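Worksheet: one structure, shown below.
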Amino acid sequence: MRSAPPLIRCQGLSKTFGTLKANDSVDLLVESGEIHALLGENGAGKSTFVKMLYGLLKPDAGTISWLGKAVTLADPDAARALGIGMVFQHFSLFDDLTVLENIAIGTAGARADQAFAARVSALAREYGLELDLQRPVWTLSAGERQRIEIARCLLQEPRLIVLDEPTSVLTPQEAENLFASLLRLQAKGAGILFISHKLEEVRRICTAATILRGGKVVARTDPRKESARSLAALMVGEGVADVRPPSTLETGRDLLAVRGLSVSPEIAHGIPLRGIDLTVRAGEVVAIAGVAGNGQSEFFAALTGEGGLIQSGTVSIDGEDVTRRPIGMRRRLGAAFVPEGRLGHATLPQRTLSENIMLSWHETEDVGGFFLSLDKLRQAARKIITRFDVRGPNADPRAAQLSGGNLQKYIVGREIERNPRLIVVDQPTWGVDARAASLIRQTLVDLAGQGAAVLVITQDLDEAFEMSDRIAVICAGRMHPPVPTRMTNREAIGLLMTTAHGEAA
Amino acid sequence: MVLSLVPRQGVSRVREIVTPLVAFVVALVIAALVLLAMGKSLKTAADVYVVEPLTTAWSLQEVILKATPLTLIAIGLIFAVRANRWNIGAEGQYVVGGMFGGWVAIAAHGMEGVWILPAMLIAGMAGGLVYGLIPAALRNRFGISEILSSLMLVYVAELALDYLVRGPWRDRTAFNFPKSVNFDAAATLGPLWEGGKLHGGVLLALLAVLGAVVLLGRSRFGFAVSATGEAPRAANFAGFNDHRLTLAVFAISGALAGLAGIIEVSANMGQLQPSISQGYGFTAIIVAFLGRLNPVGALVSALVLAILLIGSETAQIMLKLPFDMTRAFMGLLLLCILAGEALTRYKVRWNA
Numbered sequence: 128m129r130s131a132p133p134l135i136r137c138q139g140l141s142k143t144f145g146t147l148k149a150n151d152s153v154d155l156l157v158e159s160g161e162i163h164a165l166l167g168e169n170g171a172g173k174s175t176f177v178k179m180l181y182g183l184l185k186p187d188a189g190t191i192s193w194l195g196k197a198v199t200l201a202d203p204d205a206a207r208a209l210g211i212g213m214v215f216q217h218f219s220l221f222d223d224l225t226v227l228e229n230i231a232i233g234t235a236g237a238r239a240d241q242a243f244a245a246r247v248s249a250l251a252r253e254y255g256l257e258l259d260l261q262r263p264v265w266t267l268s269a270g271e272r273q274r275i276e277i278a279r280c281l282l283q284e285p286r287l288i289v290l291d292e293p294t295s296v297l298t299p300q301e302a303e304n305l306f307a308s309l310l311r312l313q314a315k316g317a318g319i320l321f322i323s324h325k326l327e328e329v330r331r332i333c334t335a336a337t338i339l340r341g342g343k344v345v346a347r348t349d350p351r352k353e354s355a356r357s358l359a360a361l362m363v364g365e366g367v368a369d370v371r372p373p374s375t376l377e378t379g380r381d382l383l384a385v386r387g388l389s390v391s392p393e394i395a396h397g398i399p400l401r402g403i404d405l406t407v408r409a410g411e412v413v414a415i416a417g418v419a420g421n422g423q424s425e426f427f428a429a430l431t432g433e434g435g436l437i438q439s440g441t442v443s444i445d446g447e448d449v450t451r452r453p454i455g456m457r458r459r460l461g462a463a464f465v466p467e468g469r470l471g472h473a474t475l476p477q478r479t480l481s482e483n484i485m486l487s488w489h490e491t492e493d494v495g496g497f498f499l500s501l502d503k504l505r506q507a508a509r510k511i512i513t514r515f516d517v518r519g520p521n522a523d524p525r526a527a528q529l530s531g532g533n534l535q536k537y538i539v540g541r542e543i544e545r546n547p548r549l550i551v552v553d554q555p556t557w558g559v560d561a562r563a564a565s566l567i568r569q570t571l572v573d574l575a576g577q578g579a580a581v582l583v584i585t586q587d588l589d590e591a592f593e594m595s596d597r598i599a600v601i602c603a604g605r606m607h608p609p610v611p612t613r614m615t616n617r618e619a620i621g622l623l624m625t626t627a628h629g630e631a632a
Numbered sequence: 018m019v020l021s022l023v024p025r026q027g028v029s030r031v032r033e034i035v036t037p038l039v040a041f042v043v044a045l046v047i048a049a050l051v052l053l054a055m056g057k058s059l060k061t062a063a064d065v066y067v068v069e070p071l072t073t074a075w076s077l078q079e080v081i082l083k084a085t086p087l088t089l090i091a092i093g094l095i096f097a098v099r100a101n102r103w104n105i106g107a108e109g110q111y112v113v114g115g116m117f118g119g120w121v122a123i124a125a126h127g128m129e130g131v132w133i134l135p136a137m138l139i140a141g142m143a144g145g146l147v148y149g150l151i152p153a154a155l156r157n158r159f160g161i162s163e164i165l166s167s168l169m170l171v172y173v174a175e176l177a178l179d180y181l182v183r184g185p186w187r188d189r190t191a192f193n194f195p196k197s198v199n200f201d202a203a204a205t206l207g208p209l210w211e212g213g214k215l216h217g218g219v220l221l222a223l224l225a226v227l228g229a230v231v232l233l234g235r236s237r238f239g240f241a242v243s244a245t246g247e248a249p250r251a252a253n254f255a256g257f258n259d260h261r262l263t264l265a266v267f268a269i270s271g272a273l274a275g276l277a278g279i280i281e282v283s284a285n286m287g288q289l290q291p292s293i294s295q296g297y298g299f300t301a302i303i304v305a306f307l308g309r310l311n312p313v314g315a316l317v318s319a320l321v322l323a324i325l326l327i328g329s330e331t332a333q334i335m336l337k338l339p340f341d342m343t344r345a346f347m348g349l350l351l352l353c354i355l356a357g358e359a360l361t362r363y364k365v366r367w368n369a
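Protein chains in written order, with the working numbering: chain A, 128 to 632; chain B, 18 to 369.
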């Protein structure tokens, strides 16, 4: 007797953009009751593949069969009708609406009434998704927001659920809850396609893995039988260097000093900062850990001078009080900044890399006089592209044409190239593949080794531990003072991430 | 059924060039259908709107003269719109420019001197500039929408001019007509050559185009303007001062509108009267967008609209078409071009 046909079987899926083969004859098979990992560096073709699976892109060649029958997925409606559900990396939620209203909006034919609330509650209980249906979304943490997206997806009773980097914004505790829900889904016979950069969690919960490199399947393996290191090696095709431990060089003078800083936010739902103290000295890497939305953006803006209404306290760079000085002045004192938003904040999306040099260089570096020197900008861009191995479709691509990892290498490179004495980086490797992430971290650690002060704001605890000499934690706009990294551990820091400094745990 | 716009994967170069041309043709076809439905002769319409303005030296010069204020104002507006600042009040800045420059002419009445004309032009620019700064300052200081304040200041300017020419500045010898004294020869922008019609204002408009090409294309300032419009957070990250930039683009567009105002008053009217514009300040908004916010594009679209405006004067007589019809055609043209632009970037899809 033949066994049941697999839930979904993709054979020879190919997709070409211009000259780039994003997917080259990809085969993938997900069985019911399987948690299948899709691994690969940024630009390996994971997103393209998933979009074809969800009807957002049309394959150039290849077939998709669903329960043994060949199907064509013209659009996401067709995919949903079959029973394919998708949870995207970026949430699409309305901040001012309640949880229930948000779920109703995303569900065809639903109204946010009692009956619907009962249906959602039942589903939430069944899968262990804690949801307070009447709360407005802006009061929720990233993990709670993600649960809304998952509930939305589950309401359609999908048989295959695709999760794109679901844990990148979660605390370790929140990630545990997610895994528990996934295991319940698995037990009920659903198939799960799980995309993640966090190889440790893949090893823990996934039962099969398909690894993409350069648009091709390079390996299929059982992740439980691999180490994180061997999985990474399969992804990049060569060994990934560990970040060299932070220098034990003696630290020097205070390059960044924040004293009693309280800031009220300029935007609705922003987080007020309260009484923050922090010092970063020459030669050290300080990490600020915390769950997204606890005041990181507001703190970054206060350090750069980009916004926020300073209530009290001071920010000093290299001994100079810059609390109310513009960002250009801070750059002239030797500071450099890397914002979290790569497109539209750190770069102009539709401008070339050489034009984008202007943004952070125009006050301190030679980019021409009244008229810009296109030559000098191009030279600078070329240097950064070579030094940091930035790969794009042509010699001087527009920022929006680069993959996240390559654009991040460019943005960090643009600041390093200025030889800053202080660099503040918000989420240095968010959504960046393993190799690029390791390069960026190493670059920052090396910079500290040469005597610069490095401040890294990150949601990724592994990153914080890998890079830093000291770790501080931000929660609800307050800062737990930094402790030496060697004298703490993930659990202790994870606990601080959910407790505001100065309040009882 | 829901109609939705889906972004295209990439936009080919050919498509970018062909689309505006197709949009132009579509606008022509729709206009022709409208004229047919009204029972007008298409041949006469073609004569009136296209052949006549372009075939005699006299009317060609008229076209260029009409295009001059449109170009000047549109160039200024390009700076503002590129920075995502909406100066809807160029008409008011134009009027104040005419008013300030005209005041110099009135004050210098009976005097001789080569300084009078330059002083008028400078006063006109200064007037438009200061008037343009008002909505900018209100936005910076109080967060008031510059769209509304600049628009409403148009009416303030028009009524102020109306008051002046009926009151303090009225020509006592003009039998109670609401007008100022006739400007002296020294206060009149004369033709560039004997028997011609083109005046120095045409050269100033070309200079403005050139200046805008250089400033927007190559300078630090031009970069800051575009960056602010494209991604305000990135511009803020770069340290481009938002408030100063708002003042700068409003100063530029106000000054150029003011210059257009005094040029028209000095060269074509030779006096101040209750109304000194035919809506140039508003038409120039269309010019700027038809020209895709590109200075050279604005020059070309100013000429196209000038042809339409000249044609409409004859059309009122020959075809008995009201002037409003011409405005409708301008709107139609803009609509088609913008729709074409949208369709180059997006495709339309019906979702069940």
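Backbone N, C-alpha and C define an ideal beta-carbon position, used for all residues, glycine too.
Only a predicted model underlies this, so the values are computations on that prediction, with no experimental measurement involved.
Listed by chain order, chain B residues near residue i by CB distance under 7 Å
| i | result |
| --- | --- |
| T474(A) | A251 |
| P466(A) | F254 |
| S633(A) | Outside the shown range of chain A, which is 128 to 632, sits residue 633(A), and nothing can be said about it. |
| Q477(A) | E247 |
| E433(A) | N253, F254 |
| I471(A) | Ile is not the amino acid found at residue 471(A); the sequence shown has Gly there. Chain B residues near G471(A): A248, R250, A251. |
Local Cβ density within 10 Å of residue i, reported as buried at 16 or more and exposed below that
| i | result |
| --- | --- |
| R597(A) | buried |
| M128(A) | Here M128(A) scores only 42 on pLDDT, less than 50, and its place in the model is too uncertain to base an answer on. |
| T190(B) | exposed |
| G93(B) | buried |
| H489(A) | buried |
| S29(B) | exposed |
| Q273(A) | buried |
| R401(A) | buried |
| M614(A) | exposed |
| N193(B) | exposed |
| A307(A) | exposed |
| M169(B) | exposed |
Span of the alpha helix (DSSP H) around residue i
| i | result |
| --- | --- |
| D341(B) | 340–362 |
| F515(A) | Looking at the DSSP string, F515(A) is not in any alpha helix (DSSP H), and its letter there is neither H nor E. |
| K536(A) | 531–543 |
| V459(B) | Beyond the ends of chain B as shown, which are 18 and 369, falls residue 459(B); an answer cannot be given. |
For residue i, the first and last residue of its enclosing beta strand (DSSP E)
| i | result |
| --- | --- |
| A164(A) | 162–166 |
| L282(A) | Unbroken run through L282(A) is the alpha helix (DSSP H), 269–282; no beta strand (DSSP E). |
| N150(A) | 147–157 |
| M213(A) | 211–214 |
| W193(A) | 188–193 |
| D404(A) | 400–408 |
| S389(A) | 381–391 |
Cβ of residue i within 7 Å of any chain C Cβ
| i | result |
| --- | --- |
| A244(B) | Here chain C cannot be found, since the structure's protein chains are A and B. |
Residues that residue i contacts on chain A, provided the C-beta gap is smaller than 7 Å
| i | result |
| --- | --- |
| F240(B) | M485, L499 |
| S21(B) | Correct list: empty, because the minimum Cβ distance to chain A is about 11 Å. |
Assumed close pair residue i, residue j - CB separation to whole angstroms, cut-off 8 Å
| i | j | result |
| --- | --- | --- |
| P299(A) | L588(A) | 7 Å |
| A317(A) | I288(A) | 6 Å |
| I454(A) | F254(B) | 7 Å |
| A171(A) | R311(A) | Rounded, the Cβ-Cβ distance is 30 Å, inconsistent with contact. |
| S595(A) | A428(A) | Rounded, the Cβ-Cβ distance is 22 Å, inconsistent with contact. |
Neighbour list for residue i in chain B, Cβ cutoff strictly below 9 Å
| i | result |
| --- | --- |
| I454(A) | N253, F254, A255, G256 |
Chain-ordered chain B contacts of residue i [CB-CB under 8 Å]
| i | result |
| --- | --- |
| E490(A) | G256 |
Neighbour list for residue i in chain A, Cβ cutoff strictly below 8 Å
| i | result |
| --- | --- |
| S236(B) | F497, F498, L499 |
Between the stretch 499–506 of chain A and the stretch 459–473 of chain A, are three or more C-beta pairs nearer than 8 Å?
-> no
Counting Cβ pairs, one atom from each stretch, are 3 or more of them under 8 Å apart for the stretch 311–320 of chain B and the stretch 121–139 of chain B?
-> no
Count the CB pairs spanning the stretch 569–583 of chain A and the stretch 550–558 of chain A that are closer than 8 Å, and state whether there are at least three.
-> yes
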